[in-house]
Amino acid sequence: MTNPSTSAATDLMSPEDRLEADRLAAAKAAQVEADRLATEQAKADRLAAAKAAQERATEAERVVAESAAAAEKARLAA
1 MTNPSTSAAT DLMSPEDRLE ADRLAAAKAA QVEADRLATE QAKADRLAAA KAAQERATEA
61 ERVVAESAAA AEKARLAA
């Protein structure tokens, strides 16, 4: 629903002023959308970084376990 006072104000505006007001409103809407997309991208980037870190940690745990098993095998063979 439009605001009656705003509607009355725009009725009094010249066509050029209305066009400028429309441009400003469109620019603001575009900025809000850009901010929303940037926030979503930042969240996706953080999730991807966390997943990559988890994968590296899992791989490091596997390497440590293999090294420990090899060390134990060498100790038993000695």
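With the first letter of the sequence shown counted as 1, position 32 gets the number 32 in full-length UniProt numbering; the numbers rise by one all the way through. No residue lacks a Cβ here, since even glycine has one placed at the ideal position from N, Cα and C.
Can you tell me the Cβ-Cβ gap for residue i and residue j, rounded? I've got them flagged as a contact below 8 angstroms.
i      : j      : result
Ala-26 : Met-13 : Actually they do not touch by this definition, with Cβ atoms about 16 angstroms apart.
Mind checking which residues open and close the alpha helix (DSSP H) that includes residue i?
i      : result
Ala-78 : No alpha helix (DSSP H) contains Ala-78, which DSSP labels as neither H nor E.
Could you give the DSSP three-state label for residue i: helix, strand or coil?
i           : result
residue 142 : Nothing can be reported for residue 142, as the shown portion of the chain is limited to 1 through 78.
Any beta carbon from chain D within less than 7 angstroms of residue i's own beta carbon?
i      : result
Ala-52 : This model lacks chain D altogether, as it is built from one protein chain only.
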